[in-house]
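In this text, residue positions in the sequence shown follow the working numbering: the first is 938, and each later residue adds one. Idealized CB from N, CA, C, for every residue including glycine. Only a predicted model underlies this, so the values are computations on that prediction, with no experimental measurement involved. Okay, so here's the structure we're looking at.
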Amino acid sequence: MNNIKTLFNPSDGQELSTQQMLSLIGLAALAAAAISWMPIINWLDYPFRLLLTIVHELGHGLAAILTGGSFRNFIIAPDGSGLAYTAGGWRLVVIPAGYLGAAIFAAGLIMLGRSHRWSRIALGGIGAAMLLLSLWFGLPGEASIQAVVSSALGMVTGVIFGIIFLKIALQAGDGLVIFFLHLVAIKAGFTAFSDLVAVIGLSTRLGPVPHTDAHSMAELTHIPAVFWGLVWAATALALIGGAIWVTWLKSD
C-alpha cells in the first residue's frame, strides 16, 4: 500500500524512474479494463465514451477547418453517438478524421506520456482546448429548444472534462498525472479500435443499418464501406502500435 502511495505521490523533487512509470501505466491499464468490463464500476465507462465522442467530432471539425471548410458545431446524444456539422473542406480528409483523430489522440498521449513534464503539459493543453472548443463549437446551431437540448450534453461534458484535465495538470502529483494520462490514452486507443471493428461489422451486414462514416466514404468514393473500415482499423492499429514502439520499445 505504501508503495502505491509513493507511486502516486513521490517526494518533492524526486524523478519517477522508468520502472515506476511502467508500474503506473500497468495500473492505468488495469483500471481501464475494470471500467470496461466490471459491472460494478462499468458506469464510469459512460463519461469516457462521451469524451471520446467529443474527440471524434472535433476531429471532423478541425479537419474541415484545416482543409479550407468550416465547422459550425457538434452535438452528442445520450447514447454516446455524435454528429459534427461541417461544410466544405476536403471530404476525403474530413470523413475519416473522426475515427483516425481518436487514434491520433491516443498515440499522441502515449508518446507524450514518456515524460511526466510533457504529460502535465499535454493534460493542460488538452484541458484548455477541450474547454474552449466545447464552449465555442458545442453551442446550439440554432435558437430552438431542441437544438439547445441536443447541444447541452456535449458542451457540458467537454467543459467538465476540460476542468478535470486542467486541475490534474496544475495541481496533481507526477504519479497521478502519468496514471490519468495513460488511463485516457488506453481508453481512447481501445475505443477507437473497437468502434472501427463495429463499423466493419455494420458494413458487412445485410438490411437496414445505422449510417456510419464508412458508408459516407463509400458514397463519396464508390468503394465499399467495409474497405474503408478495414483501412481505418489498420491505420489506427499502426498509429497506436507505432507510438508504443517508438516510446517504449525502440532501442536508443
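The residue among 1109, 1156, 1130 and 979 with its C-alpha nearest the C-alpha of residue 1056 is 1109. Below 8 Å, enough C-beta pairs join the segment 1008 to 1017 and the segment 1088 to 1107 to call them touching: three or more.
For the segment 1124 to 1182, the continuous alpha helix (DSSP H) assignments of 4+ residues that do not extend past its boundaries occur at 1150 to 1158 and 1162 to 1181, in sequence order.
The alpha-carbon separation between residue 1164 and residue 1153 amounts to approximately 12 Å.
Contact between residue 1005 and residue 1025 is confirmed by a C-beta separation of about 6 Å, below the 8 Å threshold. Closest in C-alpha terms to residue 962, from the list 986, 1111 and 1179, comes 1111.
Taking the Cβ atoms as the reference, residue 1008 lies roughly 3 Å from residue 998, within the contact range of under 8 Å. Rounded to the nearest whole angstrom, the C-alpha separation of residue 1042 and residue 968 is 19 Å. Contact annotation: residue 1118 and residue 1036 have beta-carbon atoms that are not nearer than 9 Å. In terms of CA proximity to residue 1022, 995 leads the group 1003, 995 and 1151. Residue 1007 carries a strand assignment under DSSP once its states are collapsed to helix, strand and coil.
A distance of 9 Å or more separates the beta carbons of residue 1136 and residue 1179. By the Cβ neighbour-count rule, residue 1104 is exposed, with fewer than 16 other Cβ atoms within 10 Å of its own.
Taking the C-beta atoms as reference points, residue 1046 is found nearer than 9 Å to residue 1121. The C-beta of residue 956 has fewer than 16 other C-beta atoms within 10 Å across all chains shown, which makes the residue exposed.
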